[in-house]
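2 protein chains.
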Amino acid sequence: MNKTWLLPWWRDLDRLTAGRDLVAGLVIAAMLVPQGMAYAALAGLPPQVGLYASLLPPAAYALFGTSRYLAVGPVAVVSLMVATATAALSQRHGVDPVSTAASLALVSGALLMLMGILRLGFLTHFLSRPVLTGFLSAAAVLIAVSQLPQILDIRVEASDPVTVLSTVAGQLEQINPWTVGTALATILVIRWVNGPVGRFLSRANLGLGVLVGRMGALVALVLAIVLASLTGLSDQLPQIGEIPAALPRPSLPPLDTAWLLELGGAALLISLVGFMESVSVGRALAAREGESIRPDRELLGLGAANLAAGLTSAYPVTGGLSRSIVAADAGARTPLAGVFAAIFVLLVLLLATPLLEALPRAVLAGIVLLAVVQLISPREWRTIWIQDRRDGMVLVLTALAVLLVGVEAGLVAGIAASILVLLWRVSRPHVAVVGRIAGTEHFRNRERHEVEELPGVRMVRVDESLQFPNSRFLRDTLVQAGSEPGIRDVVLIASAVNDVDATALEALEEAIDTLNGRGVRLHLAEVKGPVMDRLERVGLPERLHPGEIFLSTHDAARSLGSRMRHVHE
Amino acid sequence: MNKTWLLPWWRDLDRLTAGRDLVAGLVIAAMLVPQGMAYAALAGLPPQVGLYASLLPPAAYALFGTSRYLAVGPVAVVSLMVATATAALSQRHGVDPVSTAASLALVSGALLMLMGILRLGFLTHFLSRPVLTGFLSAAAVLIAVSQLPQILDIRVEASDPVTVLSTVAGQLEQINPWTVGTALATILVIRWVNGPVGRFLSRANLGLGVLVGRMGALVALVLAIVLASLTGLSDQLPQIGEIPAALPRPSLPPLDTAWLLELGGAALLISLVGFMESVSVGRALAAREGESIRPDRELLGLGAANLAAGLTSAYPVTGGLSRSIVAADAGARTPLAGVFAAIFVLLVLLLATPLLEALPRAVLAGIVLLAVVQLISPREWRTIWIQDRRDGMVLVLTALAVLLVGVEAGLVAGIAASILVLLWRVSRPHVAVVGRIAGTEHFRNRERHEVEELPGVRMVRVDESLQFPNSRFLRDTLVQAGSEPGIRDVVLIASAVNDVDATALEALEEAIDTLNGRGVRLHLAEVKGPVMDRLERVGLPERLHPGEIFLSTHDAARSLGSRMRHVHE
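Chains A and B supply the protein sequences, listed in that same order. Under numbering that gives the first Met the number 0, the first residue of the first sequence is numbered 0, with each subsequent residue one higher. Under numbering that gives the first Met the number 0, the first residue of the second sequence is numbered 0, with each subsequent residue one higher.
This is the structure we're talking about:
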């Protein structure tokens, strides 16, 4: 078997890298335990599901994945999408949320594998940068709102943001100061440990900076458990409650066809978003060392990870940003780091769950809140808006649709909007009427240069491939050019035309007919080879007659110019 | 009021043209009466609805329409779409089919008007030529199948083609030879009158050729009524039955919001298809005289026609191909011809309905069958397939989807497929590695010309605007170009790049980072003005450093070449 196919990182492995991976695995696990439980809560699932999602999936990813650093496991945005999907699906079909989430992982995994095998990685093209930016920002806001009930200790039955906010607003007097304080303290501890403490240890060169400086969440978690247990505060703070000290049982979620089809849409969106997040993280980290990753292989890796999640009562996973950066900084060299992390999580699951049961829920809410803030990037909004107003509008529309209509519908609306913008742009290509720069063979836009035009001849350059969205525009442009008084010849300069589809060909024929009806000839110039093949196959050169096809604009000008003189003489 | 806005054809009117329009109106009416009843039956509506649809709508079209010849009224494909939509909607909401069809006309009319006012004529871009061709062919097959029960006199409850065919196949022994004979006789009479008889009269120069040569359907209809009455064959042939000898009562169909929204999707598709048919007919006829029509005005005209249909218990209308050609050939000069035709239909409705009631249904089926055959154009299939394989596949897919899944879903699938093909094409632009043709300043594709390349420099020309579908391809192409051994500089020649969106910009930045990480510089050359503005706004020139932006490929080659020599010296 080809080593680069399965376990592609194996050849890089030696004792040194394995040691570095072990350390990195410890750091990742220190983040995975609190984050896993927090994200599972966000997804509306019991805390151990988040830990299960950190066990087998990283190992499964390691089978095919090509990123050295990618830490695969539960992430915030996918958890939000799972929460939305399971809420709707579980209710409609009477399936419990844990099984629904596992089914989602299974279908996602199958879809990702399939996309990898069919090399459909290009499907992620549909998630353009403005759509992704708008989606992530709005998702972050939704996640933050969803944590309010935990932080304020106010019971809200529904999960849609408007109901949550209005319920909370109506019960402000019932806010529990202890949960609010706990969440704030959690955030402060994490920022303090990951910030000043980490920097101090790094500067003191104790070799612990990297390790401790990423353990803020773990420190907060341990502190909270210890303090809550010692001070009797546990009465004031809702706790996680029972976590079974057991490994996930391998099990197949319900698998009838109707059910899987019903899951399909949500699973596809989860797959796309998860893959995009994973690939952009993996690519950014690889670029730091001038390396690159192979997206179609990443599809297989993530597909395997999600299949593993689906078979072990876990829920959809992907490569997360924060843990991956930490893994890279902590010196991970191969996906073995993720495997080591999984082993540490396993130990926690087997030995430490009784301790974790005393953890106040508000701590998890604090961890989530801090994590999602990084998803909102005002700088990215500004860059996109400055660079391209249309992309800016797609961004705003996506964000608003996600906030107001919902996570899935909003994402689909954003994708549709970005495709519409593209079609709109293709439908109105740039067109220049060109003339010759005196004394040269160069032909340029007459609005930008001092050019001379032949009397009776109009030369039009269309800067776009001729395709169905612009076929009407093409016909109107040519007919328009031939409608000005005195014009006898119209030359279409096709130097920027890389393709002609059937609809554009029909439009071209209609333009020929209309122009001929008015006694105007249509000519072509600078037709590229493949386009010419296509035109010849359907007999366009004959249709053009008495119009001609010239090799270059210069040829067209010379030929039409001499004919003109001939007429005048 | 500006004359060219309302009644745009008014200024062309004088006694002569009015006279010609009167004759043309008579010819159109002679087709409208049988076709109107036949298409109404196809739409699953009583025969008089087809006549109602020929009264006010042509007059309403004349208010805004810009085509001289367009004969607005019931057409086959729209009737099929109405049949599909009303079958589903009437059943689900318990509204009778006549009201449902009128509601569809009303909503279609409003949508068309709205599209006209907002100048959304470009929406029809989405119906590309292969989609329209595949759709019309498949619709013709569906229509032909739907006429089988009438022709064979076999009762079929369902309307989906598979059930119709299987029911018919199971009851072949019950075929009524009289109805089959009547349908065949109808087809033969029409072809004989419109063919040999018309040609003979034309050649004999009796001035009647044009008139009689288009009245085949009318002749068949009159013959059938006379023969059936005289011979007592009416017992063997199911007849149309009662037609109220009354004008349609102006009435508003049911108008609650939920109902209108429910209609919206079907009405939109009917509007788009109707508009496309109408515009292509109008455009083809106008082109014959070197004229053109104004699509946004056509939207208003058709919108008014459908609003009129909706308010007079009729059903959706559009400009039909066969009647429009006939109108043009019969000498119609203005839409007044349609108004005259409406007056003749009115007379039929008031005076002749008792006669029509004896008409065998099989005659109408014969008329429909003959009309839809022209919708299937093997030549068009061949042209599209030869010219562009991808378009050919969209065509086949659309036709299959319409046949197997349904009229509306099939059309939507076709539109989606053509957009996917476009995105796919944009996602893999043509890329050329270029070099200098020795002794010149010209740079050309190294695979097509004998060129010389600078050592250590790779020049890549991407022949497409840089947008989200090709951003990943762009990044991979650039990174790839910089990965070959010995390459220190990569030049992206942007001569064919008319636009850069935010996603492509991000890809460009990622390529810069990856290449810089490997000690390779990325340069740009031949960046167009508007693209350069965009790149400068987000600081790309600084990001490029130490890469540069060259005015021309020649400049890039000179500068990088001299640097290279400097290094070597």
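Beta carbons: idealized from backbone N, C-alpha and C, even for Gly.
Could you tell me the distance, in whole angstroms, from the CA atom of residue i to the CA atom of residue j?
i	j	result
Lys2 of chain B	Phe63 of chain B	Only weak support is given to the placement of Lys2 of chain B: the predicted model assigns it a pLDDT of 43, under 50, and the value that follows is read from those uncertain coordinates. Distance between the alpha carbons of Lys2 of chain B and Phe63 of chain B: 10 Å.
Glu290 of chain A	Val404 of chain A	40 Å
Ile414 of chain B	Ser270 of chain B	15 Å
Arg154 of chain B	Pro46 of chain B	19 Å
Ala331 of chain B	Phe134 of chain B	30 Å
Glu276 of chain B	Val188 of chain B	27 Å
Thr85 of chain A	Thr99 of chain A	6 Å
Arg19 of chain B	Leu236 of chain B	39 Å
Arg474 of chain A	Ser426 of chain B	25 Å
Ala184 of chain A	Trp191 of chain A	10 Å
Asp255 of chain B	Ala104 of chain B	15 Å
Pro253 of chain A	Ala245 of chain A	22 Å
Ala109 of chain B	Ser470 of chain B	40 Å
Val393 of chain A	Arg424 of chain A	14 Å
Ser136 of chain B	Arg445 of chain A	45 Å
Gly49 of chain A	Ser228 of chain A	24 Å
Thr382 of chain A	Val32 of chain A	35 Å
Phe467 of chain B	Arg128 of chain A	8 Å
Ala75 of chain A	Leu346 of chain A	24 Å
Val420 of chain A	Gly180 of chain B	56 Å
His92 of chain A	Gly319 of chain A	31 Å
Asn193 of chain A	Asp554 of chain B	50 Å
Phe121 of chain A	Leu543 of chain B	27 Å
Tyr68 of chain B	Ala327 of chain B	5 Å
Given residue i, which residues of its chain have a CB within under 6 Å of its CB, disregarding the five upstream and five downstream residues?
i	result
Leu310 of chain B	Pro249
Arg520 of chain A	Asp488, Pro545 and Gly546
Ala177 of chain A	The sequence shown places Trp at residue 177 of chain A, not Ala. Result list for Trp177 of chain A: Gln235 and Leu236, in chain order.
Asn515 of chain A	none
Ala400 of chain A	Gly409 and Ala412
Thr352 of chain B	Ile242 and Ala244
Leu232 of chain A	none
Ala398 of chain B	Gly133, Ser136 and Ala137
Using 8 Å for Cβ pairs, my map puts residue i next to residue j. What's the rounded Cβ distance?
i	j	result
Ser66 of chain A	Val344 of chain A	Their Cβ separation, rounded to whole angstroms, is 20 Å, which puts Ser66 of chain A and Val344 of chain A out of contact at 8 Å.
Gly72 of chain B	Gly35 of chain B	6 Å
Glu261 of chain A	Gly281 of chain A	Going by Cβ atoms, the distance from Glu261 of chain A to Gly281 of chain A rounds to 31 Å, so no, they are not a contact pair.
Leu422 of chain B	Ile324 of chain A	About 33 Å; that fails the 8 Å criterion.
Leu523 of chain B	Leu491 of chain B	5 Å
Thr552 of chain A	Glu525 of chain A	6 Å
Ordered along the chain, which non-local residues of its own chain (more than five positions away) have a Cβ less than 7 Å from that of residue i?
i	result
Leu79 of chain A	Leu41, Ala138, Leu141, Ile142 and Val406
Ala17 of chain A	Leu335
Glu356 of chain A	Gln238, Ile239, Gly240, Glu241 and Ile242
Leu259 of chain A	Val106
Glu568 of chain A	With a pLDDT of 44 at Glu568 of chain A, under the threshold of 50, the modelled position of this residue cannot be trusted; read the value that follows with caution. No residues qualify anywhere along the chain.
Leu21 of chain A	Phe339
Leu131 of chain B	Met275
Got a sec? Which residues, its chain only, sit under 8 Å from residue i by beta carbon, not counting five neighbours each side?
i	result
Val537 of chain B	Leu504
Val496 of chain B	Val461, Glu463, Ser464, Leu465, Val526, Lys527 and Val530
Given 8 Å, three or more beta-carbon pairs between the region 490 to 506 of chain B and the region 382 to 392 of chain A: yes
The region 294 to 312 of chain B touching the region 47 to 61 of chain B, judged by at least three CB pairs closer than 8 Å: yes
Any alpha helix (DSSP H) of 4 or more consecutive residues that is wholly inside the region 59 to 134 of chain B: 75 to 92 and 96 to 116
Completely contained beta strand (DSSP E) runs for the region 374 to 452 of chain B, where each covers 3 or more residues: 430 to 435 and 442 to 444
Any 3 or more C-beta pairs closer than 8 Å across the region 213 to 230 of chain A and the region 354 to 369 of chain A: yes
Those runs of the beta strand (DSSP E) which lie wholly inside the region 310 to 378 of chain A and span at least 3 residues: 317 to 319
Three-pair Cβ contact test at 8 Å for the region 432 to 441 of chain A versus the region 453 to 460 of chain A: yes
3 or more residues per run - each beta strand (DSSP E) lying fully within the region 494 to 558 of chain A: 520 to 524
Segments assigned alpha helix (DSSP H), at least 4 residues, entirely inside the region 201 to 252 of chain A: 208 to 211 and 215 to 230
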